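S.K.:
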Amino acid sequence: MLDDLAATIADFRTTTGEFGPLSNMAPGFPIVVLNVRIATAEALYQACRYPNEPDVQRLILDQLSPMTAKMKSKKYHSRTRNDWNDVRVNVMRWCLRIKLSQNWSRFGAVLERTQDKPIVEESTKDDFWGAKPAEDGTLVGMNVLGRLLMELRQQYREVQSGKVDQLQYPDISHFLLFGRPLDKIPTRSDFHKEMQSSML
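In our numbering, the protein residues as written are -1 to 198.
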């Protein structure tokens, strides 16, 4: 049943496979914010839990693997920003858009390969960000990450077609990295247009 389902959706479980780069854990899509090089979207997302804890943010971002960054983050969950459940979806939305803006051609190509299929993160544990396999072979869950990626795919296409000038970023209060506001950084969301201009 899951094999039949795979033909109708763009799903990913790991960082490997055709749609593996959609995972926040996927290597090869570095992000630079406030002159800090961040290996993965997962590490950036985890660091954003702790706007008042620059030392914790540094510990997370210093890890060599995204899974280790996530595990380090768990040790400090008691120090997570108080409104995390209210802002975490917008934080994830912001992280995904930064990932795309700074890896426009490569990540955009992965989004395009999903065609118009529903994007689903298949998970055995998390039915909020992803969806779990049910006994009948269907995937059940809120699939919030998949929904954000489908939203991102649409925005990517709108920028590519010239319908809009740039990606739109959510407003997030008290959004800090090492005490500096993240929402004020250049996002390079028109990176591909800069490249086109340089070729003229």
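Glycine included, every Cβ here is placed at the ideal spot set by N, Cα and C.
Here the structure is a predicted model, which is why all the values come from computation and not from measurement.
#1: Could you check if residue 83 is buried or exposed, using at least 16 other CB atoms within 10 Å of its CB as the buried criterion?
#2: Go through the segment 13 to 77 residue by residue and report every complete run of the beta strand (DSSP E) that reaches 3 residues or more, in order.
#3: With a threshold of 16 other CB atoms inside 10 Å of the CB of residue 53, please say whether the residue is buried or exposed.
#4: Would you kindly report the start and end of the unbroken alpha helix (DSSP H) that includes residue 96?
#5: Do the segment 141 to 161 and the segment 108 to 117 meet, that is, are 3 or more Cβ pairs less than 8 Å apart?
#6: Among all the DSSP beta bridges, which residues are the ones paired with residue 117?
#7: Start and end of the alpha helix (DSSP H) containing residue 171?
#8: Helix, strand or coil: how does DSSP classify residue 79 here?
#9: Looking only at C-alpha atoms, which of 156, 102 and 86 sits nearest to residue 127?
#10: Hey, how far is the Cα of residue 163 from the Cα of residue 9?
#11: Would residue 96 and residue 34 be called neighbours here (beta carbons separated by less than 8 Å)?
#12: Which residue's Cα is closest to the Cα of residue 21: 40, 28, 5 and 7?
M.R.: So, from the listed chains and residues:
#1: exposed
#2: 29 to 31 and 34 to 36
#3: exposed
#4: 82 to 100
#5: yes
#6: 8
#7: It is not in any alpha helix (DSSP H) - residue 171 carries neither H nor E in the DSSP assignment.
#8: coil
#9: 86
#10: 29 Å
#11: no
#12: 40
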